[in-house]
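Residue numbers (the working numbering): 160 to 408. Glycine included, C-beta positions come from ideal geometry on N, C-alpha and C. Below you'll find the structure, written out as structure tokens, and then a few comments.
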Ligand code: AMP
């Protein structure tokens, strides 16, 4: 995808990156917050297409690293992969070491869309320090919000193809034949972490560690709340309106 090779993000500051072309003529520096299942990753992708800034997802970083030869990984990334494989949240010190290795992405003239970072208060405080040192400021922190019950319903209905990984929803995007992928005929399954009991646990972790960031950024006057209910395009339009006139919609 043009302007989002994210080499610097995936490989660290030593990598030569193709800077993104800012879509609207200015560089946006945004943080995206939201509980699992609100569609934050989809919005980050759509915002990249409209605004030009790269989607910098810590989750993507860890998933990409998991598929690499362990000898090729920086020490911080190797530790993060080990934590993920044990099913743990990656410790702040490791996440922050990774972010520091990628500070070029924070001073990129194309701006950035931070997705999945910061996730805890110490991470948010460290990000503030890092940005101050780089003399760059956040434009806004987008908080994608949706009632818990709706999130559980959304994630609980999601089905994934065992073969081609296409994603369906039993209510909003059902396959033509129940349980069978329209594209490749593969069997559809429900991911372990999309089961209602697991969703509630993930939500609990979000409420405990990440939700306090909403107050943190509200106090800084940066928070913009976005109603995450609706189609991805509707939510994108709300976000763009909000960014351009500075009000929550
Ligand atoms: P995500 O795709 O954002 O849900 O991230 C996938 C996994 O990566 C999470 O469940 C965490 O284990 C880990 N992870 C991603 N970002 C962070 C972060 N900022 N702090 C700690 N762990 C993270």
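Item checked: Any heavy atom of the ligand AMP nearer than 5 Å to the CB - residues listed -> Residues with a Cβ closer than 5 Å to any heavy atom of the ligand AMP, in chain order: 217, 218, 221, 248, 249, 254, 275, 276 and 278.
Item checked: Cβ neighbours of residue 402 in the same chain (closer than 6 Å, five flanking residues each side left out) -> Residues of the same chain with a CB within less than 6 Å of the CB of residue 402, apart from the 5 flanking positions on each side, do not exist.
Check: Just reading off the alpha helix (DSSP H) that residue 404 is part of, what are its end residues?
Finding: 391-404
Checklist line | Beta bridge counterpart(s) of residue 339 as assigned by DSSP | finding: 346
Notebook entry, point to check: Opposite residue 187 in the DSSP bridges: which residues?
Noted result: 270
Next item on the list: State whether the segment 212-224 contacts the segment 385-398, with contact taken as three or more CB pairs (one from each stretch) at a distance under 8 Å.
Entry: As far as the Cβ criterion goes, the segment 212-224 does not touch the segment 385-398, which means the pair count is below three.
Next item on the list: Give the straight-line distance between the Cα atoms of residue 317 and residue 288, rounded to the nearest whole angstrom.
Entry: 39 Å
Next item on the list: For my contact list, residue 412 and residue 239 are in at a C-beta cut-off of 8 Å; report their separation, rounded to the angstrom.
Entry: The first residue shown for the chain is 160 and the last is 408, placing residue 412 beyond what the model contains.
Margin query: How far does the beta strand (DSSP E) with residue 104 in it extend, from its first residue to its last?
Written below: The displayed coordinates of the chain run from 160 to 408. Any statement about residue 104 would go beyond what the structure contains.
Margin query: For residue 385, list the residues DSSP reports as bridge partners.
Written below: 303
Margin query: Quick test of your reading: residue 398 and residue 301, contact by CB under 8 Å. State the CB separation rounded to the nearest angstrom.
Written below: 6 Å
Check: To which residues of the same chain is residue 373 closer than 6 Å at the C-beta, ignoring the five residues directly before and after it?
Finding: Cβ contact annotation for residue 373 (same chain, cutoff 6 Å, sequence separation greater than five): 302, in chain order.
Next item on the list: Rank 186, 208 and 257 by C-alpha distance to the C-alpha of residue 218 and give the top, closest one.
Entry: 257
Check: Could you check where the alpha helix (DSSP H) with residue 279 kicks off and where it finishes?
Finding: From DSSP, residue 279 is part of no alpha helix (DSSP H); its letter is neither H nor E.
Next item on the list: Answer yes or no: do residue 345 and residue 321 have a C-beta to C-beta separation smaller than 8 Å?
Entry: yes
Note to self: Quick check on residue 192: does DSSP put it in helix, strand or coil?
What the structure shows: strand
Notebook entry, point to check: Can you tell which of 175, 298 and 379 has its C-alpha closest to the C-alpha of residue 404?
Noted result: 298
Notebook entry, point to check: What's the C-alpha gap between residue 306 and residue 382?
Noted result: 18 Å
Checklist line | Cβ contact check for the segment 258-272 and the segment 351-371: 3 or more pairs under 8 Å | finding: The segment 258-272 is not in contact with the segment 351-371.
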